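Down below is the structure, laid out as structure tokens.
Chains as they are written, first to last, in the working numbering: chain L, 234 to 528; chain R, 228 to 525.
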């Protein structure tokens with residue numbers, strides 16, 4: 234698999250902004266508004282993701298067994314399920330991070346709006362620019378300052394660098410971290426607390442202006458107060474990105490998600506509005522899981 | 228009082244047995260003896276170096292070239308300036324060749340090679356190369372670049388021999404450090420939409436840098452002390468020369484030549500040169516330690 238080189242030029246939608254223009258009745262195509270724009274931008278036409286018969290493998294072992302599921306635009310979709318059910322594997326297929334693991338591959342379709350991200354003409358690097366990811370353990374770059382961590386996405390992807398400091402500030406504000414770090418932007422990112430580091434990672438993802446944000450158990454390494462902050466943040470962020478969050482914590486799913494999907498043994502059992510999944514699930518297994526009878 | 232007696236009896240349950248105390252003393256004694264035996268030659272080497280070498284150290288020892296005059300007791304034999312500068316020049320060029328190449332191989336092994344057959348082959352050959360005696364590298368350059376081309380000895384040919392010697396050391400040490408870089412950092416950068424080469428240059432290499440510096444400095448220290456690869460590649464000379472295309476003196480070769488001389492003052496110069504070489508390598512090692520202490524990976 235080539236992640237760079239000549240393949241990059243053969244890509245139809247190298248610029249995520251360009252993808253955006255293809256969506257119907259776009260009233261404000263100029264999403265790269267002046268840098269003075271407030272981080273809380275008015276909700277624009279969002280982006281949805283649809284999985285069609287997605288299967289994921291580690292070598293021969295099939296970990297995700299044919300999932301079809303939609304993540305609607307500007308909504309938070311929570312993925313719940315017991316450990317090892319393939320939740321993380323599934324969302325790692327959405328931005329094609331799954332294939333970075335030696336021997337791993339995926340089959341089926343992942344459609345961002347109407348583009349199949351697994352189409353051979355699609356550059357995997359461009360996919361990841363459009364779909365950001367926040368990992369379970371906060372992973373700021375240890376050699377970089379707070380500022381550089383947030384700017385890393387912009388620098389690593391060689392995009393236009395004007396207004397770098399504006400973009401960094403805007404991303405840090407969006408991640409509710411600005412007030413805590415504005416006086417020490419040049420100190421190392423690894424010196425922050427766990428919760429701050431995770432918000433730094435969220436800011437880093439937001440700085441490149443993704444259309445979809447995948448969160449793989451973003452709070453599992455955090456204390457309750459830091460968790461609360463991230464959850465509040467998720468609620469604000471859905472104005473501008475579509476969010477998919479994998480969580481082990483069912484209260485968290487109930488608090489943040491508009492829709493919830495329940496997975497078991499690599500298959501999707503049920504998906505629906507969060508309220509319904511937790512109160513009147515259609516499947517007995519879902520009911521047993523959400524009421525704590527197993528898992 | 229009876230409560231106290233009971234506590235005493237309870238304590239005895241946890242008292243060490245005689246047999247174990249004995250075997251403990253025996254093991255400690257053995258380890259201590261082994262340590263002392265290992266330290267004796269080390270201390271002796273340092274002692275001899277200092278006692279014999281320091282007496283020949285003087286300002287002119289470092290600032291004059293050897294004169295080649297070793298038969299007339301009254302005449303000056305000169306210092307080791309050309310050997311010090313020659314060693315620095317030869318090793319600098321060898322480093323300039325082997326460090327980028329070695330780190331490149333290590334990056335390929337860790338970031339691209341993985342468990343592929345080609346990667347295993349490269350690792351195997353690097354291991355073989357590590358075990359090759361240093362004189363074989365000298366012999367290889369001698370056959371290939373001196374006998375083969377019918378040309379003469381030159382400093383850069385010595386550098387090439389040393390760079391072959393350094394290469395496996397650099398590769399192996401850099402590979403180990405690159406493997407220590409957490410995969411989560413690579414994932415974080417890839418997930419931002421960075422192409423792999425940017426991930427390597429902007430995230431992986433900076434994170435691994437302090438550890439790689441340590442390995443590189445150790446490789447340099449090793450090369451700086453080698454005589455065999457230089458004997459019939461760079462040869463020996465008296466004068467200082469900054470042209471790597473000419474014969475070039477070096478500390479190990481100077482020591483080798485001086486120590487076989489029948490003249491006492493020249494043998495003493497060998498000790499002085501040896502002490503100089505050890506001091507230079509010591510400084511390099513201290514630098515390596517200083518850098519690795521600041522390593523975030525250690």
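From the three backbone atoms N, C-alpha and C, an ideal C-beta is built for every residue, glycine too.
Computed from a predicted model, the values in this text were never measured in an experiment.
So is residue 406 of chain L in contact with chain R if we call contact Cβ pairs under 8 angstroms? no
Can you give me the C-alpha to C-alpha distance between residue 365 of chain L and residue 358 of chain L, rounded to a whole angstrom? 11 angstroms
Chain L residues whose Cβ lies nearer than 8 angstroms to that of residue 417 of chain R: 236, 330, 333 and 361
Take residue 546 of chain L and list the residues in its own chain whose beta-carbon comes closer than 7 angstroms to its own, dropping the five residues that flank it on each side. The question about residue 546 of chain L has no answer here: the residues shown for chain L are numbered 234 through 528.
Does chain L have any CB closer than 8 angstroms to the CB of residue 425 of chain R? yes
Would you list the residues sitting across from residue 339 of chain L in a DSSP beta bridge? L/289
Rounded to whole angstroms, what's the CA-CA distance from residue 286 of chain R to residue 308 of chain R? Just pull it up for me. 11 angstroms
Does the CB of residue 454 of chain L have a neighbour CB from chain R at under 8 angstroms? no
Buried/exposed call for residue 343 of chain R, threshold 16 Cβ in 10 Å: exposed
Does the separation of the CB atoms of residue 349 of chain R and residue 340 of chain R fall below 8 angstroms? yes
Whole-angstrom distance between residue 472 of chain L and residue 516 of chain R, CA atom to CA atom: 51 angstroms
With 16 other CB atoms within 10 Å as the buried threshold, where does residue 506 of chain L fall? exposed
Roughly how many whole angstroms lie between the Cα atoms of residue 365 of chain R and residue 268 of chain R? 29 angstroms
Quick one, which of L/283, L/444 and L/368 has its alpha-carbon nearest residue 455 of chain L's? L/368
Boundaries (first-last residue) of the alpha helix (DSSP H) holding residue 535 of chain L: One cannot answer for residue 535 of chain L here, as it falls past the ends of chain L, which runs 234 to 528.
Work out the CA separation of residue 456 of chain R and residue 379 of chain R for me, nearest whole Å. 15 angstroms
CB contact check: residue 403 of chain R to chain L, cutoff 8 angstroms: no
Answer with yes or no whether the minimum CB distance from residue 265 of chain L to chain R is below 8 angstroms. Since pLDDT at residue 265 of chain L reaches only 43, below the 50 mark, its modelled position is unreliable, and the value read off the structure follows with that caveat. No - not a single Cβ of chain R is within 8 angstroms of the one on residue 265 of chain L.
Under 8 angstroms between C-beta atoms of residue 433 of chain L and residue 425 of chain L: yes
What whole-angstrom Cβ distance do residue 383 of chain L and residue 436 of chain L have, given they're in contact under 8 angstroms? 5 angstroms
For residue 419 of chain L and residue 381 of chain L, the rounded distance between their alpha carbons: 8 angstroms
Comparing alpha-carbon positions, which option in R/487, R/463 and R/441 lies nearest residue 510 of chain R? R/441
Opposing strand residues paired with residue 359 of chain L [DSSP bridges]: Its beta-bridge partners do not exist; DSSP assigns none.
Rounded to a whole number of angstroms, what is the C-alpha to C-alpha distance between residue 310 of chain L and residue 292 of chain L? 29 angstroms
What are the residues that DSSP puts in a beta bridge with residue 476 of chain L? L/309 and L/446
Give a yes or no on whether the minimum CB-CB distance between residue 514 of chain L and chain R is below 8 angstroms. no
Quick test of your reading: residue 375 of chain L and residue 434 of chain R, contact by CB under 8 angstroms. State the CB separation rounded to the nearest angstrom. 6 angstroms
Evaluate contact between the stretch 287 to 301 of chain L and the stretch 320 to 335 of chain L, counting only Cβ atoms and requiring at least three cross-stretch pairs below 8 angstroms. yes
Buried or exposed (CB count within 10 angstroms, at least 16 for buried), residue 515 of chain L: exposed
Within chain L, partners of residue 430 of chain R - CB distance below 7 angstroms: 374
Pull the bridge partners of residue 283 of chain L from the DSSP assignment, please. L/303 and L/344
I'd like to know if residue 290 of chain L contacts chain R, where contact means its C-beta is closer than 8 angstroms to some C-beta of that chain. no
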